[in-house]
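Comments concern the structure below.
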Amino acid sequence: MKLIKKYLGIVWMALGPLAIYFLVSTAASEIRAKPVLDTKIQWGVFVIIFIPIAFGIMLFGYYALNGEYEGEINDQP
Amino acid sequence: MNQKTETSGIWRIIGASSAGTLIEWYDFYIFGSLATVIANQFFPKTNPTAALLSTLATFAAGFIVRPFGALVFGRLGDLVGRKNTFLLTLVLMGGSTFAIGLVPGYDRIGFLAPILVLLLRLVQGLALGGEYGGAATYVAEHAPPERRGYYTAWIQTTATLGLFVSLGVILLTRHSLDSNLTESIRKFNDWGWRIPFLISIVLVIVSIYIRMKMDESPLFAKLKSEGTLSVNPIKESFGHKLNLKMVLLALFGATMGQGVVWYTGQFYAQSFLENVCKIDFDQSRTILIWAILLATPFFVVFGGWSDKVGRKWIMMAGMFLAVIAYRPIYGKILQLSDTTQTQSAIVSSVDLPMKTTAFGTNGDSLRISSSRKALANGFSYTLQQVDTIRLHSVNNHLAATKIVVDKNPDKETYLMLVFLIFLQILLVTMVYGPIAAFLVELFPTKIRYTSMSLPYHIGNGIFGGLTPFIATLLTTIYTADKLVGLWYPIIVAAVCLVIGLLYVSNKIDPDVND
Numbered sequence: 039m040k041l042i043k044k045y046l047g048i049v050w051m052a053l054g055p056l057a058i059y060f061l062v063s064t065a066a067s068e069i070r071a072k073p074v075l076d077t078k079i080q081w082g083v084f085v086i087i088f089i090p091i092a093f094g095i096m097l098f099g100y101y102a103l104n105g106e107y108e109g110e111i112n113d114q115p
Numbered sequence: 007m008n009q010k011t012e013t014s015g016i017w018r019i020i021g022a023s024s025a026g027t028l029i030e031w032y033d034f035y036i037f038g039s040l041a042t043v044i045a046n047q048f049f050p051k052t053n054p055t056a057a058l059l060s061t062l063a064t065f066a067a068g069f070i071v072r073p074f075g076a077l078v079f080g081r082l083g084d085l086v087g088r089k090n091t092f093l094l095t096l097v098l099m100g101g102s103t104f105a106i107g108l109v110p111g112y113d114r115i116g117f118l119a120p121i122l123v124l125l126l127r128l129v130q131g132l133a134l135g136g137e138y139g140g141a142a143t144y145v146a147e148h149a150p151p152e153r154r155g156y157y158t159a160w161i162q163t164t165a166t167l168g169l170f171v172s173l174g175v176i177l178l179t180r181h182s183l184d185s186n187l188t189e190s191i192r193k194f195n196d197w198g199w200r201i202p203f204l205i206s207i208v209l210v211i212v213s214i215y216i217r218m219k220m221d222e223s224p225l226f227a228k229l230k231s232e233g234t235l236s237v238n239p240i241k242e243s244f245g246h247k248l249n250l251k252m253v254l255l256a257l258f259g260a261t262m263g264q265g266v267v268w269y270t271g272q273f274y275a276q277s278f279l280e281n282v283c284k285i286d287f288d289q290s291r292t293i294l295i296w297a298i299l300l301a302t303p304f305f306v307v308f309g310g311w312s313d314k315v316g317r318k319w320i321m322m323a324g325m326f327l328a329v330i331a332y333r334p335i336y337g338k339i340l341q342l343s344d345t346t347q348t349q350s351a352i353v354s355s356v357d358l359p360m361k362t363t364a365f366g367t368n369g370d371s372l373r374i375s376s377s378r379k380a381l382a383n384g385f386s387y388t389l390q391q392v393d394t395i396r397l398h399s400v401n402n403h404l405a406a407t408k409i410v411v412d413k414n415p416d417k418e419t420y421l422m423l424v425f426l427i428f429l430q431i432l433l434v435t436m437v438y439g440p441i442a443a444f445l446v447e448l449f450p451t452k453i454r455y456t457s458m459s460l461p462y463h464i465g466n467g468i469f470g471g472l473t474p475f476i477a478t479l480l481t482t483i484y485t486a487d488k489l490v491g492l493w494y495p496i497i498v499a500a501v502c503l504v505i506g507l508l509y510v511s512n513k514i515d516p517d518v519n520d
């Protein structure tokens, strides 16, 4: 279990850039398709607020990979 | 006797905290529920700058500023105390809501109207960001360790009850301004929408009075008397690796999934009923009201149960059920509201007055002819035929489109819809009931307000708050699948479920006095 938790850290780290790429490319194509102010604001806001969160999951993945979350599992109340 | 006094004390604390939090949620929801009506008063779509302010007011304040409120008021709560901080958030929230009800329309004061409304919305969002952490922390720090989940679950009911009260007040006002319903709705859209905003001040004054009489949290008071309060709660919360990794775990392993489940059950469900299924305005709201009423006690059931079995498994079970059940549930809702699926015969058809709306400047117009159909089983709906009439074109009559709107389901369908929304809110109670106790137990007292508020509001405000918007957006991009919007909450909840299952501990911290 410790190994799964540790190596899944790579997946969480990869999720960050993947999410940013998906977000930015979708935003660009949506703005191109409908270049009105509302679309620009909405997608601009999405990109600005989700990029720090994407960095957050990368950091979470980094901590997981370094075994920082080992010992967190305790199934007994 | 002593225990009895202690018990009555905790109920007084829960009552005071819950009343204030409920009113804050009520204040926050009425703007969202009346967004279309308000937009006509303050944000004329013909003016691009006003439209921009409209987008920011309805879109930004709803979720973006909540994490900032969490930081500002969380810090304040850890520095000067829980009681004074959430007293301040209540005053700010109540005051700004009341003020929205007083702002003159765009036709009277021009651009000042949308600017004022946007500013008041930002204050509302900030105040809401600071409220929840304070109330949850305050109750948890008073609660006995073995009943922390049960007592904090009462705070968890307030968001749902706030939505319930806001829906009820809006429906009641909309129906009571005139004996003729059409005239009553017209008056409501004209000026009556201000009533739900204005009456909130009475509730806020009562809450302020109750909260003023409360004492400071005993754990915070102890830290203060010992002189061990945090000097810089934000730095300690996010600058120290030990705490930062807990903040990240709380966000990605619990609140992110909880937020999307919550907003799907309570907001996307209503939007889906109204916009996709075309259920009548009143009925789509009463369906939600019944479902909320029936499901709300389960917040306390699951919160109390989490004191026995731990917080983790109940929250994870809620997310798992959401991941596997959303598409079947929404598929069934779609099927039940589809008039082509019903085998019942049309027993009556009444033609309604024809409406012609001009568009453009060359004399083109839209002609809408409607007829109200009633089926043998009691289901009724309006069939609209929309014709485009072009004045100066050879092909002057484009093919008519037929749409079904204002559906009033028969009794059996109505009850089934209530049940399906109830199931979704039941999932909300599973993920949301134990989360206050979970978050409180994750962080130390001196930085608790700050540390727990941020992941909570990013999970709820950003991941959750965006659910109706992203889901609707997906349906406009991938038009073939009416359920495509559900992939957003399903994927977010699934990622959160995996992280939560693997990394979150089920251990209940017996002592939050640290």
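One line per chain: the protein sequences are A and B, in this order.
Position one of the first sequence corresponds to residue 39 (my numbering), numbered consecutively onward.
Position one of the second sequence corresponds to residue 7 (my numbering), numbered consecutively onward.
Each residue gets a CB set at the ideal place from its N, CA and C atoms; glycine is no exception.
Residue contact check for Lys251 of chain B against chain A: a CB pair falls below 8 Å.
Note: Gln390 of chain B is bridge-paired with B:Ser376 and B:Ile409 in the DSSP secondary-structure output. Identification of chain A residues near Ile464 of chain B by a Cβ-Cβ cut-off of 8 Å yields Ile91, ordered along the chain. The C-beta of Lys40 of chain A has fewer than 16 other C-beta atoms within 10 Å across all chains shown, which makes the residue exposed. Against chain B, a Cβ distance below 9 Å from Phe98 of chain A picks out Lys251, Leu254, Leu255, Leu257, Phe258, Gly259, Ile505 and Tyr509. Between Gln289 of chain B and Gln347 of chain B, the alpha-carbon positions lie close to 20 Å from each other. In this model, Ala301 of chain B and Leu460 of chain B are separated by some 27 Å (Cα to Cα). Here Met99 of chain B carries a helix assignment [DSSP, helix/strand/coil]. For the options B:Arg127, B:Leu472 and B:Leu85, the alpha carbon positioned closest to that of Ile44 of chain B is the one of B:Arg127. Chain order gives the chain B residues near Ile87 of chain A as Ile70 and Ile468, where near means a beta carbon separation below 8 Å. Scanning chain B for C-beta atoms nearer than 7 Å to the C-beta of Lys43 of chain A yields Leu508 and Tyr509, reported in chain order.
Contact between the stretch 233-244 of chain B and the stretch 30-40 of chain B is absent: fewer than three C-beta pairs spanning the two stretches fall below 8 Å. Runs of the alpha helix (DSSP H) lying entirely within the stretch 99-130 of chain B, each at least 4 residues long, are 112-115 in chain order. In the structure shown, the three-state DSSP call for Ser355 of chain B is strand.
For Ile95 of chain A, the nearest beta carbon of chain B is closer than 8 Å to its own beta carbon. Under the criterion of beta carbons closer than 8 Å, Leu122 of chain B and Val78 of chain B do not qualify as touching, at roughly 21 Å. Counting every other CB atom within 10 Å of its CB across the protein chains shown gives Asp84 of chain B a total of 16 or more, marking it as buried.
Leu177 of chain B and Leu167 of chain B have their C-alpha atoms some 15 Å from each other. Taking CB atoms only, Leu56 of chain A has no neighbour in chain B less than 8 Å away.
Among the CB atoms of chain B, one or more fall inside 8 Å of the CB of Leu46 of chain A. In this structure Ala146 of chain B touches Arg154 of chain B by the C-beta definition: roughly 6 Å separates them, less than 8 Å.
Under the DSSP definition of a beta bridge, Thr473 of chain B lacks any partner. Per the coordinates, the alpha-carbon of Val85 of chain A lies some 49 Å from the alpha-carbon of Asp357 of chain B.
Fewer than three pairs of CB atoms, one per stretch, sit closer than 8 Å, so the stretch 183-200 of chain B makes no contact with the stretch 475-492 of chain B. A residue is called buried when at least 16 other Cβ atoms come within 10 angstroms of its Cβ; Phe226 of chain B meets this threshold and is buried.
Collapsing the DSSP output to three states places Thr346 of chain B in coil. Ser343 of chain B and Lys488 of chain B have their C-alpha atoms spaced approximately 13 Å apart. Scanning its chain for C-beta atoms nearer than 8 Å, with the 5 sequence neighbours on each side dropped, one finds around Asp286 of chain B the residues Asp412, Lys413 and Asn414, in chain order. Tyr45 of chain A is classed as exposed because its beta carbon has fewer than 16 other beta carbons within 10 Å across all chains shown. For the 8 Å CB-CB criterion, Ile483 of chain B and Ile87 of chain A do not form a contact. Asp113 of chain B counts as exposed, since fewer than 16 other beta carbons sit within 10 angstroms of its beta carbon. Not a single CB atom of chain B sits nearer than 8 Å to the CB of Tyr59 of chain A. Cβ neighbours of Lys361 of chain B within its own chain (closer than 7 Å, five residues either side excluded): Ile374. In this model, Leu61 of chain A and Ala442 of chain B are separated by some 31 Å (Cα to Cα). Taking C-beta atoms as the reference points, Ala141 of chain B and Thr27 of chain B count as a pair closer than 8 Å. For Asp288 of chain B, the enclosing alpha helix (DSSP H) begins and ends at Phe287 to Ala301.
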